[in-house]
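**Q** Following this message is one structure expressed as structure tokens.
Number of protein chains: 2
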Amino acid sequence: MNRPMRTRRQATLASLAAELGVSRTTVSNAYNRPDQLSPELRRRVLETARRLGYPGPDPVARSLRTRKAGAVGLLLTENLSYAFRDPAAVGVLEGLALACEDAGVGLHLVPASPGREDVAAVHRAGVDGFVVYSVPDDDPHLAAVLSRPVPTVIVDQPQVEGVDRVGPDDEAATVDLANHLVNLGHRQVGVLCMRLARDRNDGFAPLRRQHEAHYHVQRTRLAALAKTFEKAGVDWASVPVVERFEHSVDEGASAARQLLDAHPGVTALVCTSDILALGAIAEVRRRGLRVPADLTVTGFDGIAEATRAGLTTVHQPVLEKGRAAGKLLLSAGDRVSPKVITLPTELRIGTTSAPPRTAEERWFGP
Amino acid sequence: MNRPMRTRRQATLASLAAELGVSRTTVSNAYNRPDQLSPELRRRVLETARRLGYPGPDPVARSLRTRKAGAVGLLLTENLSYAFRDPAAVGVLEGLALACEDAGVGLHLVPASPGREDVAAVHRAGVDGFVVYSVPDDDPHLAAVLSRPVPTVIVDQPQVEGVDRVGPDDEAATVDLANHLVNLGHRQVGVLCMRLARDRNDGFAPLRRQHEAHYHVQRTRLAALAKTFEKAGVDWASVPVVERFEHSVDEGASAARQLLDAHPGVTALVCTSDILALGAIAEVRRRGLRVPADLTVTGFDGIAEATRAGLTTVHQPVLEKGRAAGKLLLSAGDRVSPKVITLPTELRIGTTSAPPRTAEERWFGP
DNA sequence: CTGAAAGCGCTAACAT
DNA sequence: ATGTTAGCGCTTTCAG
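Going line by line, the protein sequences match chains F and Y. The first sequence begins at 2 in our numbering and counts up by one. The second sequence begins at 2 in our numbering and counts up by one.
This is the structure:
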């Protein structure tokens, strides 16, 4: 294959029209409405276009005129490295991309790493709408998105009144999971959770920080755990909650280490994501303990690797979540009231949860 | 958080200027060149903008005027489902996204599934350049991209004269790998490869199909294998090559099954990707054979899961590949001759390759 | 520091 | 079936 080096934009629709001695409309029609002109003329137009090196209508100019960008923006204020490494996030991305593909529109990833305070990229994105995925409620990028006159759909978090949202019922799902543990007999639990706010805190998260979390999903899950365990007679204030800023298996392991070092008496580690849970399991085993005989570990998301590992977790249809968000956005026509789509979740009891060992067992072995 | 439902675009830069009794230039400057007007006036402009619900300069109109879209397009004519499931592809995507992030430009995923013949999406994408990742040389989307007057960088394949390219030296890397097998003593090998053309062929690929493959990477790897094994006295025409259209672990397993059913005598399965190799290993084990004692299996890419599995493979820096492509594109300024970046690869000998069993061993056990 | 003028390249009524 | 007209909303010399 070969190809000449281009100089710069050579021809425009107007110059082509001039060359041909026809109007611009005709040339435009040749590209956009083939049925509006004779096949013969159309052939001539296209032929001349090729000769002059006219690449077809400029997409930006067309967008300006038609008021359609032909793309949806995706705001993801997470380090891409972590986003792409979390199968749950990849699933959402994939589902969204599929919805876009079906509609023939592009998916525009907005450059917005967590550190970046520069919101200009949001304003510069030529898109017909935004999908916002899992950002904190005080993120400036989010505010920038909401200030733009295009429809927006938020996936998972935050909840913003008047804005479409797609996500699971974190509250109900977490209550189910917690009840499973309560029913098994666990009363001494520890929690591993993801980032609660934009400021980094790799360590224990006091009650106040839990309550004021800017990540609605984490806040809700913690609250649901608190509610359920308190109902079972557990004093939540005494339950250790370890937070991690980065979301990776390794961080899950280190969080488990930190928690178990300080609270060796816990009988279950509840993790707010499978990724963290997988790390926790690794750490527990590293300590020579068995899962679930010595320690129960649970996750959240239901990613494939968790299933393979037999993790007790809450499964949510991540691909469908992304797809639903895309469809919702692209059908955003003239809906009146904002729509909230709640996705089904399923408690999947695996082989990582079991009744706690009794004190005697712990001292004298099984 | 709350937010009023928007009606439609309410104010423009012009109407704002009118309202304020200043020129449009001034309003524009308030947004783009704050140093060009008094802080006081600027404050007034922004304040009035808020009051009128003016969301700031329209990105599309700005792009038209400045001739900068602020985004790079990514052409990926693979099913997104598969693309996102292959860590090698995700790595490339991630690296590219990082490069875009650094430059503050968006990454526009062009909707182009393999089946789609509709190339309009390429023409509709408002981007300043394209990265093309691993498409067949006869893909119409590729032609559409090349017809657009913007710089383009191709990752891996195809090789197009005059177009920038980033990729490993597939030839050299594959020769190294093949020599490793030759040196171990393998002469009866089977090959599992990815799609060779746009038409589906799940099965054996005859010589002719190998030679005429439209996927340059696969063609090159096969050719390198052929060359090296022929040099070792193997008649390549007799070497079974099984092709799979879809790229997944399961397909790798099924390909291995197909190959081993027909050619139980092979001592090594050479796979052109780690994904296929992982499937092959699964199938070999399913048959009650041991890797590498009974059968050697090798891959290509060096994805994390392969490393964990101890796979003998060729590692390539996929993230760097994506990043390099992005950087190259974004610096495309006024380079004269096209640039080709060759990334280093490394033969990683793992625990899945060993000398072939002798015939006696095969009959009488080790 | 501010304004006037001149388009960027295209499409969509509305004629003819 | 083709042309005329009228912008889409913005930025950018170049003068004041």
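Don't be surprised by glycine CBs; every beta carbon is placed ideally from N, CA and C.
1. So, helix, strand or coil for residue 10/Y, using DSSP?
2. Which residues of the region 61-86 of chain Y have a Cβ closer than 7 Å to any Cβ of chain F? Give them in chain order.
3. Anything in chain Y within Cβ reach of residue 110/F, meaning under 8 Å, just list it in chain order.
4. Sorted by chain position, which residues of the same chain lie with C-beta nearer than 6 Å to residue 234/Y's C-beta, five sequence neighbours on each side aside?
5. Of the choices 222/Y, 309/Y, 324/Y, 319/Y, whose alpha-carbon is the least far from that of residue 90/Y?
6. Within the continuous beta strand (DSSP E) that includes residue 1/Y, where are the two ends?
7. Alpha carbon to alpha carbon, how far is residue 82/F from residue 258/Y? Give it in angstroms, no decimals.
8. Name the chain F residues whose beta carbon is nearer than 7 Å to that of residue 95/Y?
9. Determine the contact status of residue 241/F and residue 226/F, defining contact as a CB-CB distance below 8 Å.
10. For residue 172/Y and residue 223/Y, I'd like the C-alpha separation in whole angstroms.
11. Should residue 358/F be flagged as near chain Y, meaning a C-beta pair shorter than 8 Å?
12. What separation, rounded to the nearest whole angstrom, lies between the Cα atoms of residue 5/F and residue 18/Y?
13. Roughly how many whole angstroms lie between the Cα atoms of residue 306/Y and residue 42/F?
14. According to DSSP, is residue 83/Y helix, strand or coil?
15. Check whether the region 281-297 of chain Y touches the region 118-126 of chain Y, counting contact only when three or more Cβ pairs, one atom from each stretch, lie closer than 8 Å.
16. Going residue by residue through the region 153-188 of chain F, where are the continuous beta strand (DSSP E) segments of at least 3 residues, counting only ones entirely within it?
17. At the level of alpha carbons, what is the spacing between residue 147/F and residue 161/F?
18. With a threshold of 6 Å on Cβ separation, who are the neighbours of residue 313/Y within its own chain once the five nearest residues in sequence on each side are excluded?
19. Quick check on the burial criterion: 16 or more other C-beta atoms within 10 angstroms. Buried or exposed for residue 209/Y?
20. Which residues in chain F have a C-beta closer than 7 Å to the C-beta of residue 125/Y? List them in chain order.
21. What would DSSP say about residue 4/F, mapped onto helix, strand or coil?
22. Quick one: does residue 57/F have its CB under 8 Å from some CB of chain Y?
23. Does the Cβ of residue 11/F have 16 or more other Cβ atoms within 10 Å, making it buried, or fewer, making it exposed?
24. Which residues share a DSSP beta bridge with residue 349/F?
25. Residues of the region 155-184 of chain Y in Cβ contact with chain F at a cutoff of 9 Å, in chain order, please.
26. Residues in the same chain with beta-carbon distance under 7 Å from residue 2/F, minus the five sequence neighbours each way, listed in chain order, please.
27. Check whether the region 34-51 of chain F touches the region 95-113 of chain F, taking contact to mean three or more Cβ pairs, one atom from each stretch, closer than 8 Å.
28. The beta strand (DSSP E) with residue 131/F in it runs from where to where?
29. Can you tell me whether residue 289/F is buried or exposed, with buried defined as 16 or more other CB within 10 angstroms of its CB?
30. Which of the three DSSP states, helix, strand or coil, is assigned to residue 298/F?
31. So that I know if they touch, is there some Cβ in chain Y lying closer than 8 Å to that of residue 149/F?
32. Determine the direct distance from the alpha carbon of residue 133/F to that of residue 70/F, and round the result to whole angstroms.
33. Could you tell me the distance, in whole angstroms, from the CA atom of residue 1/Y to the CA atom of residue 211/F?
34. Where DSSP assigns a beta bridge to residue 109/Y, which residues make up the other side?
35. Would you report the Cα separation of residue 142/F and residue 113/F, rounded to the nearest angstrom?
36. Go through its chain and collect everything with a Cβ distance to residue 304/Y's Cβ below 6 Å, but skip five positions before and after it.
**A** The structure says:
1. Residue confidence for residue 10/Y is low, a pLDDT of 49 falling below 50, so the modelled location carries little weight; the figure read from the coordinates is stated next. Residue 10/Y: coil per DSSP, three-state reduction.
2. 61, 62, 64, 65, 70, 71, 72, 81, 82, 85
3. 98, 101, 107, 108, 109, 110
4. none
5. 319/Y
6. Shown here, chain Y extends from 2 to 367; a query on residue 1/Y therefore has no answer.
7. 35 Å
8. Correct list: 81, 82, 85.
9. Not a contact, by the Cβ cut-off of 8 Å.
10. 9 Å
11. no
12. Note that residue 5/F scores a pLDDT of 41, beneath 50, so its modelled location is shaky; the value from the coordinates is reported in the next line. Between residue 5/F and residue 18/Y, the C-alpha separation is close to 45 Å.
13. 57 Å
14. Helix at residue 83/Y.
15. no
16. 153-156, 165-169
17. 10 Å
18. 299, 350, 351, 353, 354
19. Exposed is the call here.
20. Chain F residues near residue 125/Y: 60, 71.
21. Only weak support exists for where residue 4/F lies, its pLDDT of 41 falling under 50; the coordinates are left without a value.
22. yes
23. The residue in question, residue 11/F, is exposed, as its Cβ has fewer than 16 Cβ neighbours within 10 Å.
24. 314/F
25. Cβ contacts with chain F come from 159, 160, 161, 162, 163, 164.
26. Since pLDDT at residue 2/F reaches only 39, below the 50 mark, its modelled position is unreliable, and no value is offered.
27. Flag = no, the region 34-51 of chain F and the region 95-113 of chain F do not touch.
28. 131-134
29. Classification for residue 289/F: exposed.
30. strand
31. Residue 149/F counts as touching chain Y.
32. 18 Å
33. In the structure displayed, chain Y extends from 2 to 367; residue 1/Y sits before or after that span and is not available.
34. For residue 109/Y, which the question treats as bridged, DSSP gives the partners 109/F, 74/Y.
35. 7 Å
36. Cβ contact annotation for residue 304/Y (same chain, cutoff 6 Å, sequence separation greater than five): 88, 89, 275, in chain order.
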